[in-house]
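A.B. asks:
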Amino acid sequence: MKKGWLMAAAVTVMAGCSMNPDTTAFNAADWQSYGYDQGTHGRVAMNFDQQKATSDMIASYQQGYAQGLQQYCAQDPVALGKAQRAYLGVCDAQNPNFRAQFSEGLWWDDGASLD
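In mature numbering (1 follows the signal peptide of the UniProt record, and there is no 0), the protein residues as written are -20 to -1, 1 to 95.
As structure tokens, then:
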């Protein structure tokens, strides 16, 4: 009897592992949080053309992304460049000088000698 229950449990676990996650299972708060995370890290906004997402999910993601992007773009672009961070052009619309200032930081020379 115990072997039967154990086998049933193992099959259930294996079936659960083989399933692809359903993006529609996430609620609006999850999508907003995900969008915010993407924005604060300066990532390019997600393309929903191939996703199974409702209009509410897309709106939640976009709201979170806009909030996160606002926070990301408020940073000092020169400091981001000095830190050798990647920049994907996501702040160009908000600050036309962001890319140039970021590049300035990439090439920053603090005058320290390499000797």
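Where is the CB? At the ideal position from N, CA and C, for every residue including glycine.
By alpha-carbon positions, which one of Q18, A8 and Q12 ends up nearest to V70?
C.D. replies: In the sequence shown, counting from the first residue as 1, residue 70 sits at position 90. The option with the nearest alpha carbon to V70 is Q18.
A.B. asks: Let me confirm a value: P1 is counted as buried when at least 16 other C-beta atoms fall within 10 Å, else exposed. Which label applies?
C.D. replies: As a first step, residue 1 is located in the sequence shown; it is residue number 21 there, counting from the start. Unreliable placement is indicated for P1, whose pLDDT of 43 sits below 50; no coordinate value is reported for it.
A.B. asks: Measuring only the C-alpha atoms, how far is D36 from A54?
C.D. replies: Position 56 of the sequence shown, counted from the start, is the residue given in the question as residue 36. Position 74 of the sequence shown, counted from the start, is the residue given in the question as residue 54. Whole-angstrom Cα-Cα distance: 27 Å.
A.B. asks: In terms of residues, what are the limits of the alpha helix (DSSP H) holding A8?
C.D. replies: Counting from 1 along the sequence shown, the entry for residue 8 is found at position 28. Counting along the chain, the alpha helix (DSSP H) containing A8 begins and ends at A8 to T20.
A.B. asks: Can you give the beta carbon distance from Y45 to Y16, rounded, assuming they're within the 8 Å contact cut?
C.D. replies: As a position in the sequence shown, residue 45 is number 65, starting the count at 1. As a position in the sequence shown, residue 16 is number 36, starting the count at 1. Between Y45 and Y16 a beta carbon distance of about 7 Å is seen, short of the 8 Å cut, so the two are scored as contacting.
A.B. asks: Return the first residue and the last residue of the alpha helix (DSSP H) that L68 is part of.
C.D. replies: For the purposes of this step, residue 68 is taken as the residue at position 88 of the sequence shown. L68 -> no alpha helix (DSSP H), and no H or E assigned at all.
A.B. asks: Take the Cβ of W87 as the centre, count every other Cβ of all protein chains shown within 10 Å, and call the residue buried at 16 or more, exposed below.
C.D. replies: Stepping through the sequence shown from its first residue, residue 87 is reached at position 107. Exposed, since its Cβ has fewer than 16 Cβ neighbours within 10 Å.
A.B. asks: Where does V58 sit, in a helix, a strand or coil, going by DSSP?
C.D. replies: Stepping through the sequence shown from its first residue, residue 58 is reached at position 78. In this structure, V58 counts as helix in the three-state DSSP scheme.
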